[in-house]
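A.B. asks: Quick one: structure below, then a few questions.
Protein chains: 2
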Amino acid sequence: MGTTERKEREKAELKEQILTAAKKILLREGQEGLSIRKIAADIEYSPATIYLYFKDRDAIMYELMEMGFMLMNRYMVSAFAEQDPVRRIHEIGRSYIHFGLENKDWYDLMFNSDKPMKHIEKCMEDWDEGMAMFNFLCMTCKEAIDKLQLKGQNERILALHLWSSVHGLVNLAQTERLEIVERHNNASLIAQTLDSMMQCIFKI
Amino acid sequence: MGTTERKEREKAELKEQILTAAKKILLREGQEGLSIRKIAADIEYSPATIYLYFKDRDAIMYELMEMGFMLMNRYMVSAFAEQDPVRRIHEIGRSYIHFGLENKDWYDLMFNSDKPMKHIEKCMEDWDEGMAMFNFLCMTCKEAIDKLQLKGQNERILALHLWSSVHGLVNLAQTERLEIVERHNNASLIAQTLDSMMQCIFKI
DNA sequence: GATGTTTATGAACACTGTTTATTTTTTTAA
DNA sequence: TTAAAAAAATAAACAGTGTTCATAAACATC
Numbered sequence: 119m120g121t122t123e124r125k126e127r128e129k130a131e132l133k134e135q136i137l138t139a140a141k142k143i144l145l146r147e148g149q150e151g152l153s154i155r156k157i158a159a160d161i162e163y164s165p166a167t168i169y170l171y172f173k174d175r176d177a178i179m180y181e182l183m184e185m186g187f188m189l190m191n192r193y194m195v196s197a198f199a200e201q202d203p204v205r206r207i208h209e210i211g212r213s214y215i216h217f218g219l220e221n222k223d224w225y226d227l228m229f230n231s232d233k234p235m236k237h238i239e240k241c242m243e244d245w246d247e248g249m250a251m252f253n254f255l256c257m258t259c260k261e262a263i264d265k266l267q268l269k270g271q272n273e274r275i276l277a278l279h280l281w282s283s284v285h286g287l288v289n290l291a292q293t294e295r296l297e298i299v300e301r302h303n304n305a306s307l308i309a310q311t312l313d314s315m316m317q318c319i320f321k322i
Numbered sequence: 119m120g121t122t123e124r125k126e127r128e129k130a131e132l133k134e135q136i137l138t139a140a141k142k143i144l145l146r147e148g149q150e151g152l153s154i155r156k157i158a159a160d161i162e163y164s165p166a167t168i169y170l171y172f173k174d175r176d177a178i179m180y181e182l183m184e185m186g187f188m189l190m191n192r193y194m195v196s197a198f199a200e201q202d203p204v205r206r207i208h209e210i211g212r213s214y215i216h217f218g219l220e221n222k223d224w225y226d227l228m229f230n231s232d233k234p235m236k237h238i239e240k241c242m243e244d245w246d247e248g249m250a251m252f253n254f255l256c257m258t259c260k261e262a263i264d265k266l267q268l269k270g271q272n273e274r275i276l277a278l279h280l281w282s283s284v285h286g287l288v289n290l291a292q293t294e295r296l297e298i299v300e301r302h303n304n305a306s307l308i309a310q311t312l313d314s315m316m317q318c319i320f321k322i
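Taken in order, these protein sequences are the chains called A and B. Going by this note's numbering, the first sequence opens with residue 119, and the numbers climb by one from there. Going by this note's numbering, the second sequence opens with residue 119, and the numbers climb by one from there.
Here it is in structure tokens:
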């Protein structure tokens, strides 16, 4: 036969095309500007066709979120390679912030938007990418706690402490809220704050 | 005369009506569900009339944001009254988180949405409410730094450190991202993390 | 009562996500 | 090769969205 294989390949190819178009529009016009009708126009199909390949808009957002995590990993590789756990945490923080500031729309999709999360709920799935990231941070925190003998520190609480801190910084910067702290100096302000956080936690 | 005064009063009254309707819809249907057409239907005017009282949707969002800060202040009064600066910071953190978790739509409008901020930009205004809140936090940080003689701590960096941490926690909780850390236990997780942050910073 | 000024609106424009009945294309079987 | 079955694509509709503008109604003043 071979026809079923070809059919499957063609179906997968159009699905890829849809996602590629979606990514293009996301980068050009942001999350607000991304619409099913624009995707359809880009791939030269009717809007209804999209629904043969994706359940709804949220399903597209979910797959874009997965792409975002792959992009983020590229920002992370050098940080992950750091030997010393404390310095690894510091580098992960820097890379996370760097990624967030340079890729607002991806970041929003991954860590703020409820649309990919709604899809996860609908399909009763898990947020695998987020869990993988958090678990790696937990392991590094455990290493750091052991090395510095930080008594009374729980690695999961510490990981959440770190995550929420950088997440908060990125969000405040992205939504222009940092302007009230110091005008036009986000990068330095954020770097200083991250350093201060690290010093508080690890006393170095 | 007196007619001009009455006219002005009537104009202000309809503006109030619009905002009251907007608030009602915001609470019932969230930010996504709030539309000019729904406001118009609620006050029994045509949608076009809204534009005689507000420049655009962002202007309505901006005034709602101001209402949000008044609501938040009611969560803060007892924290502000705390004598000891360190305990005051802790209480401010708790109240901030409490407000954020109980009032997702208000919080989003005040600290995440770009719509009120766009209005501020358009009108070349300042984010007065945010500045007031941040400056009060800075003053309390200064007090705490002086009292505990924390050398090398800058009060503005410390204030930003605290703000971004609780902001991050609230956002992660609101967008369901905390579920990967521990299921159905947000409140305790957040309380633990806040306590851990306070201990790191003030060693108490 | 006529004039000028507010105030209000209907209708249009250009969009949005999604569904359904219908048509077109492709594949399979006789 | 042709007819039937299956798959893929779509047009059109539904119910919304923010915003603008010409027109109409209401009102204050002379």
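For each residue, glycine too, the CB sits at the ideal point set by N, CA and C. Since the structure is predicted, the reported quantities are computational estimates derived from the model, not experimental observations.
Please check the pair G286 of chain A and S283 of chain B, which I expect to be a contact at CB under 8 Å, by giving their CB distance rounded to whole angstroms.
C.D. replies: With a Cβ gap of about 6 Å, G286 of chain A and S283 of chain B count as contacting.
A.B. asks: If we count Cβ pairs, one from each stretch, closer than 8 Å, do we get three or more for the stretch 191-206 of chain A versus the stretch 251-270 of chain A?
C.D. replies: Cβ pair count under 8 Å is three or more, so yes.
A.B. asks: For the candidate residues A:E300, A:H279 and A:N304, whose alpha-carbon lies nearest to that of A291 of chain A?
C.D. replies: Checking every option, the nearest Cα to that of A291 of chain A belongs to A:N304.
A.B. asks: Taking the CB atoms as reference points, tell me whether A262 of chain A and F320 of chain A lie closer together than 8 Å.
C.D. replies: Yes; because the gap between Cβ atoms is below 8 Å, this pair is in contact.
A.B. asks: By alpha-carbon positions, which one of B:D176, B:G151, B:R146 and B:E147 ends up nearest to E239 of chain B?
C.D. replies: Comparing Cα positions, the closest option is B:D176.
A.B. asks: Between E147 of chain A and chain B, is any beta-carbon pair separated by less than 8 Å?
C.D. replies: For E147 of chain A, the answer is no, since every Cβ of chain B falls outside 8 Å of its Cβ.
A.B. asks: Within the 8 Å Cβ cut-off, does S213 of chain B reach chain A?
C.D. replies: Cβ-Cβ to chain A under 8 Å: no for S213 of chain B.
A.B. asks: Keeping to the same chain, check which residues put their C-beta closer than 6 Å to that of A197 of chain B; ignore five residues upstream and five downstream.
C.D. replies: So the qualifying residues of the chain are E209, I210 and S213.
A.B. asks: Flag this pair as yes or no: are the beta carbons of S71 of chain B and I275 of chain A separated by less than 8 Å?
C.D. replies: Residue 71 of chain B lies beyond the residue range present for chain B, which begins at 119 and ends at 322; the question has no answer from this structure.
A.B. asks: Just verifying my parser: in three-state terms, what is the DSSP assignment at Q201 of chain A?
C.D. replies: In the structure shown, Q201 of chain A sits in coil (DSSP, three-state: anything other than H, G, I, E or B).
A.B. asks: Contact criterion: CB-CB distance below 8 Å. Does L255 of chain A meet it with respect to chain B?
C.D. replies: No, no contact with chain B.
A.B. asks: Please look up how many angstroms separate the CB atoms of T293 of chain B and D232 of chain A, rounded, as I've assumed it's under 8 Å.
C.D. replies: Confirmed, Cβ separation roughly 6 Å.
A.B. asks: How many whole angstroms separate the CB atoms of I143 of chain A and G151 of chain A, which I take to be in contact at a CB cut-off of 8 Å?
C.D. replies: That pair is a contact at about 7 Å.
A.B. asks: Near L145 of chain A, what residues of its chain come up, given a Cβ to Cβ distance below 8 Å and the 5 sequence neighbours on each side ignored?
C.D. replies: Excluding sequence neighbours, L145 of chain A sits near D223.
A.B. asks: Please compile the residues from chain B whose C-beta is within a distance smaller than 8 Å of the C-beta of V204 of chain A.
C.D. replies: Simply none; closest approach about 14 Å.
A.B. asks: Around the Cβ of Y169 of chain A, are there at least 16 other Cβ atoms within 10 angstroms (buried) or fewer (exposed)?
C.D. replies: With fewer than 16 other Cβ atoms within 10 Å, it is exposed.
A.B. asks: Of the residues B:C318, B:N289 and B:F252, which one's Cα is nearest the Cα of N191 of chain B?
C.D. replies: Closest option to N191 of chain B, Cα to Cα, is B:F252.
A.B. asks: Could you tell me the alpha carbon to alpha carbon distance between M249 of chain B and L296 of chain A, rounded to whole angstroms?
C.D. replies: Distance between the alpha carbons of M249 of chain B and L296 of chain A: 10 Å.
A.B. asks: Could you pull the start and end residues of the alpha helix (DSSP H) that H237 of chain A belongs to?
C.D. replies: Looking at the DSSP string, the run of the alpha helix (DSSP H) that includes H237 of chain A is K233 to K240.
A.B. asks: Which residue wins for smallest C-alpha separation from H237 of chain A, given the options A:F254, A:Y180 and A:S306?
C.D. replies: For H237 of chain A, the nearest C-alpha among the options comes from A:Y180.
A.B. asks: What's the call for Q410 of chain B, buried or exposed, on a 16-neighbour Cβ count within 10 Å?
C.D. replies: Past the boundaries of the shown model lies residue 410 of chain B; chain B is included only from 119 to 322, so the question cannot be answered.
A.B. asks: Along the alpha helix (DSSP H) that carries H285 of chain A, what are the first and last residues, could you check?
C.D. replies: That run of the alpha helix (DSSP H) goes E273 to Q292.
A.B. asks: Identify which residue in A:Q135, A:N289 and A:E128 has its Cα closest to the Cα of H216 of chain A.
C.D. replies: Answer by Cα proximity: A:N289.
A.B. asks: Using a Cβ-Cβ distance under 8 Å, would W224 of chain A count as near chain B?
C.D. replies: No, W224 of chain A lies away from the interface with chain B (no Cβ there is under 8 Å from its Cβ).
A.B. asks: So, at 6 Å on beta carbons, what are the nonlocal neighbours of M183 of chain A in its own chain, with the 5 sequence-adjacent residues on each side left out?
C.D. replies: Counting only Cβ-Cβ distances below 6 Å, and skipping sequence neighbours, we find L227, M228 and P234.
A.B. asks: Could you tell me the alpha carbon to alpha carbon distance between D160 of chain A and A166 of chain A, rounded to whole angstroms?
C.D. replies: Roughly 14 Å separates the two Cα atoms.
A.B. asks: Is S282 of chain A close to chain B? Criterion is C-beta to C-beta, closer than 8 Å.
C.D. replies: By this cut-off, S282 of chain A is an interface position.
A.B. asks: Distance, Cα to Cα, K129 of chain A vs E162 of chain A?
C.D. replies: Cα-Cα distance, rounded: 15 Å.
A.B. asks: Just to confirm before moving on: does the CB-CB distance between K141 of chain B and Y171 of chain B stay below 8 Å?
C.D. replies: No, these two residues do not count as a Cβ contact at 8 Å.
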